[in-house]
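Chains as they are written, first to last, in this note's numbering: chain A, 1 to 51; chain B, 1001 to 1336; chain C, 2001 to 2198. Every residue gets a Cβ at the ideal spot worked out from N, C-alpha and C, and that includes glycine.
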Amino acid sequence: MKSFLAALAFAAIAAFCVSSVLDTIQQSSSVAYTTSGARVGDPGKNLIGPN
Amino acid sequence: MPSSLSHLRALCAAIALLFVFAHPAAAQLTFKPTAEAVQEDKLLNALKEGDKITGRISIPDTMASSLIQPAGRDWRDFQRSKLPIIGGVAILGMIVLLAIFLAVRGRIRVDHGFSGTKILRFASFERFTHWLTASCFVVLALSGLNISFGRVLIMPLFGAQAFATMSGWAKIAHDYLAFPFMLGLAIMFLIWIKDNIPGKLDWQWIKQGGGILANGKHPPAKRFNAGQKGIFWIVIIGGALMSVSGWFMLFPYLPANVTALQFWTVIHAVIAMLFIAAMLAHIYIGSVGMEGAFDAMGTGEVDLNWAKEHHALWVAEEQAKGRAPSKDGTHAVAAE
Amino acid sequence: MARVKFLCDADRCIECNACVTACKNEHEVPWGINRRRVVTINDGKPGERSVSMACMHCTDAPCAAVCPVSCFYTTADGVVLHSKDLCIGCGYCFYACPFGAPQYPKVGNFGSRGKMDKCTYCAGGPEADSTPAEYAKYGANRLAEGKLPICAEMCSTKSLLAGDGAIIAEIYKERVMKRGYGSGMWGWKTAYADSPTG
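What follows is the structure in structure tokens.
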């Protein structure tokens, strides 16, 4: 039982850690699809929502 | 300066001459745009299966260079008609098989009854690894099935909005629990590979049907019998395939190729259905199907009589090492 | 009601990208999201053709068929729209779409790439017509104002046609008869082959 609960807790914590790590390398399309030929300021939030 | 001016004048004259000579020549040519222009029909007919018509674009999103990929419709047909059949046959078929097995064979009992003496079968770290992988697997399987079949099976029960909210969370759980699952897989592989190399004994075990069909007949086995080794390799190979295909789906912009993504989603879905069916059998035999089996992963200690019946050679080995009680009486000393 | 479609006459398309720009402006589409794009086939070779492509609003749309939360719906005009309130951003529509229409706000990991956006045929979404809430999620609703999609209306060579599928197909056929050639109704076989009437 102890190993089982430890496993559940570990899985939840590991998943949370992975999600925070992956969120730091998340790129918005406006940044990813920009070349040196374009200077994009604020791309705006229309259609894509606040996040 | 004068020299450059004269150069310019000479250049203009040359261009003018070019027009004079070139124009009548061009007029004589009969330019046929039809003959030279790319035709959609020709491109479509020339496409290989799963290929796409691509061109040049002026935006940095390379995936946008795909103009038409008719394979998307095949993928739709796979999702809509083939996958429910594969999943239905595999999962429902396994449930029916297990129900029939339970009805016919009943619960597999410990023939000589419980001895009351325990022997340590799985140390706490092994149990931790097992439950880490298992708990992740259960969530991954349920959220995955929800993606494939929830729309038909669950959405009518709760309504579109509640189902979408639930599915959104299920998707997040699926994405991130995949990582502890992969970690569990890797540890399981490392700690149990040495006991899971197929050998001659396994062949005998298979020939005798594992002794699961007849009462009181137990082919000898070491720590893991052929059936358990089978489960081990199904988990390792199936899990590896799920992980590789899952990586492509987790980071869809890495392959940046929609037909590659279609291929990996199909692999992911088909292996998942077979994997879930196999795990149902594993869960059955480890709980309802066999008396005394759950203790191995529950407390880690199994009854000596159970161990002798199912893993006679392993018990002998443990006894030789002094890690198990010889008969009944003294309690096993936990392995360090 | 009419079954509306897009048709790009590639023999007229001059790759000016006005349709793309007009779309971007009309709906205030952020950088990186491409509801419409121009793809040039055999670029630089004799007989190159450019095709302006967006969501084709397919019959039996693959995106709608595979969406795990069933967020797509087809309007009476045959326009395929989706609800961003339901969308979970799983990306299945992108795998299924033959035309690469679905777009996502984020391009990193699958887990949080945001809600899908695509061409709405200038028909908005499930919100009330022409409201700020609809504009913020789906862009302008020109159809509700009795106008056609801005991309086709802006097209300087009248290469991109929008409207009743039967009528625009007739216009295209007349053009092909008159000039004696045509490179095909790009995407129609893939988008509308599943409908008995074409």
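Pull up the distance between the alpha-carbon of residue i and that of residue j, whole angstroms please.
i	j	result
B:Ala1320	C:Gly2091	57 angstroms
B:Trp1203	B:Ile1057	59 angstroms
B:Leu1261	C:Glu2145	39 angstroms
B:Val1152	B:Asn1196	40 angstroms
B:Phe1389	B:Ala1164	Outside the shown range of chain B (1001 to 1336) lies residue 1389 of chain B, about which nothing can therefore be said.
C:Leu2086	B:Ala1064	25 angstroms
C:Leu2148	C:Tyr2138	16 angstroms
B:Gln1228	C:Cys2055	51 angstroms
B:Arg1109	B:Ile1236	29 angstroms
C:Val2079	C:Arg2003	8 angstroms
A:Asp42	A:Pro50	12 angstroms
A:Ser36	B:Gly1088	51 angstroms
C:Tyr2121	B:Ala1173	34 angstroms
B:Leu1313	B:Leu1280	27 angstroms
C:Gln2103	C:Asn2034	7 angstroms
C:Val2176	B:Ala1037	14 angstroms
B:Gly1168	B:Leu1177	14 angstroms
C:Cys2023	B:Leu1043	28 angstroms
C:Thr2201	C:Val2029	Shown here, chain C extends from 2001 to 2198; a query on residue 2201 of chain C therefore has no answer.
B:Ala1316	B:Ala1186	29 angstroms
B:Leu1183	A:Asp23	20 angstroms
C:His1984	C:Lys2005	No information on residue 1984 of chain C is available, as it lies outside the stretch 2001 to 2198 that chain C covers here.
C:Ala2123	C:His2027	11 angstroms
B:His1218	B:Arg1105	15 angstroms
B:Ala1226	B:Trp1205	6 angstroms
Check the C-beta distance from residue i over to residue j and give it rounded, since I have them as a contact under 8 angstroms.
i	j	result
B:Gly1084	B:Phe1149	With the sequence shown as reference, residue 1084 of chain B is identified as Pro, and Gly is not the correct amino acid for it. Confirmed, Cβ separation roughly 7 angstroms.
B:Lys1052	B:Thr1259	6 angstroms
C:Thr2190	B:Pro1070	5 angstroms
B:Phe1181	B:Thr1133	6 angstroms
C:Phe2072	C:His2082	5 angstroms
B:Arg1076	C:Val2069	With 8 angstroms as the limit, B:Arg1076 and C:Val2069 do not qualify as a contact, their Cβ atoms being about 16 angstroms apart.
C:Val2038	C:Asn2025	Not quite, the Cβ-Cβ distance comes to about 16 angstroms (not below 8 angstroms), so this is no contact.
C:Ala2096	C:Pro2062	4 angstroms
B:Ala1296	B:Phe1122	6 angstroms
C:Leu2007	C:Tyr2135	About 27 angstroms separates the two Cβ atoms, so there is no contact after all.
C:Leu2143	C:Ala2152	That pair is no contact at about 12 angstroms.
How would you call residue i, buried or exposed, if buried means at least 16 neighbouring beta carbons within 10 angstroms?
i	result
C:Arg2036	buried
C:Lys2115	buried
B:Asp1061	buried
B:Gln1079	buried
B:Gly1072	buried
A:Leu5	exposed
C:Arg2179	exposed
B:Phe1125	exposed
B:Arg1107	exposed
B:Ser1245	buried
B:Pro1002	Here the model assigns B:Pro1002 a pLDDT of 48, short of 50, so the residue's position is not dependable, and the following value carries that caveat. Exposed.
C:Pro2132	exposed
B:Gln1039	buried
B:Gly991	Nothing about residue 991 of chain B can be reported from this structure: the residues present for chain B run from 1001 to 1336 only.
B:Val1309	Per the sequence shown, residue 1309 of chain B should be read as Glu rather than Val. Buried, by the Cβ-count rule.
B:Gly1209	exposed
C:Gly2187	buried
B:Ile1100	exposed
C:Thr2059	buried
A:Met1	exposed
B:Asn1045	exposed
B:Leu1157	exposed
C:Asp2043	exposed
B:Ile1193	exposed
A:Ser28	buried
B:Gly1322	exposed
C:Val2020	buried
A:Ser72	Here chain A has residues from 1 to 51 only, and residue 72 of chain A is not among them.
B:Asp1303	buried
For chain D, find out if any of its Cβ atoms is closer than 8 angstroms to the Cβ of residue i; answer yes or no.
i	result
C:His2027	In summary, chain D is missing from the structure at hand, where the protein chains are A, B and C.
Cβ of residue i versus every heavy atom of the ligand ADP: is any distance shorter than 7 angstroms?
i	result
B:Leu1047	Ligands are entirely absent from the displayed structure, and the ligand ADP is therefore not among its contents.
Enumerated in chain order, which unbroken segments of the alpha helix (DSSP H) with a length of 4 residues or greater are wholly contained in the region 1216-1252 of chain B?
Listed in chain order, they are 1226-1250.
Runs of beta strand (DSSP E) lying entirely within the region 1265-1314 of chain B, each at least 3 residues, in chain order:
As far as the region 1265-1314 of chain B is concerned, its whole beta strand (DSSP E) runs of at least 3 residues are 1301-1303.
Pairing CB atoms from the region 1282-1293 of chain B with CB atoms from the region 2124-2138 of chain C, are three or more of them under 8 angstroms?
Touching, no.
I'd like the ranges of any alpha helix (DSSP H) spanning at least 4 consecutive residues and lying wholly in the region 1097-1170 of chain B.
The alpha helix (DSSP H) runs lying completely inside the region 1097-1170 of chain B and spanning 4 residues or more are 1124-1153 and 1155-1158, given in chain order.
Check whether the region 1155-1171 of chain B and the region 4-20 of chain A touch, using three or more Cβ-Cβ pairs below 8 angstroms as the test.
No, the region 1155-1171 of chain B does not touch the region 4-20 of chain A.
As an exercise, report each continuous alpha helix (DSSP H) stretch of at least 4 residues that is fully enclosed by the region 2106-2154 of chain C, in chain order.
Whole alpha helix (DSSP H) segments, 4+ residues: 2132-2138 and 2150-2154.
Taking the runs of the beta strand (DSSP E) that are 3 residues or longer, which of them lie wholly in the region 2170-2197 of chain C?
Secondary structure remark: continuous beta strand (DSSP E) runs of at least 3 residues inside the region 2170-2197 of chain C: none found.
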